[in-house]
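A.B. asks: Before anything else, here's the structure in question.
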Amino acid sequence: MTTIFQRVSGFVERLSPEPVCDDCIAGRLALEAIDDVANRTRQLAGSGGFEIRRGVCTLCGEAKSVILKS
Numbered sequence: 022m023t024t025i026f027q028r029v030s031g032f033v034e035r036l037s038p039e040p041v042c043d044d045c046i047a048g049r050l051a052l053e054a055i056d057d058v059a060n061r062t063r064q065l066a067g068s069g070g071f072e073i074r075r076g077v078c079t080l081c082g083e084a085k086s087v088i089l090k091s
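If you count the sequence shown from 1, position 43 lands on 64 in the working numbering, and the numbers rise without skipping.
And the structure:
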C-alpha cells in the first residue's frame, strides 16, 4: 500500500517540470485532507529536486504556492 507521501511525490514527479498546487494535488489524488497534502509537499521541498515557490498551477491556472520537480 502506498503512503500519502509516495502518492504526492509520484504525482508531482509525473507532472515535472510543471508546477502544481496543493489543492489540485488533493483533488486529483482524491485526498480530502488538504493539510496532509500541504505537509507532504513541505516535506518534499528542498530534497531530490523538489521546490516550492509562488507560481501558476498547471492544472487550475491560479497564481499561488506551487510545488515542482526540476
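The C-beta atom is built at its ideal place from N, Cα and C for all residues, glycine as well.
Predicted model, so just to flag it, every value in this text is computed and none were measured.
Quick one, are the C-beta atoms of Ser86 and Glu72 less than 8 Å apart?
C.D. replies: no
A.B. asks: Report the start-end ranges of each alpha helix (DSSP H) in the stretch 23 to 88 that is 4 residues or longer and not cut off at the edges.
C.D. replies: 25 to 36, 43 to 49, 55 to 65
A.B. asks: Does the beta-carbon of Ser30 have 16 or more other beta-carbons within 10 angstroms, so that it is buried, or is it exposed?
C.D. replies: Ser30 should be labelled buried.
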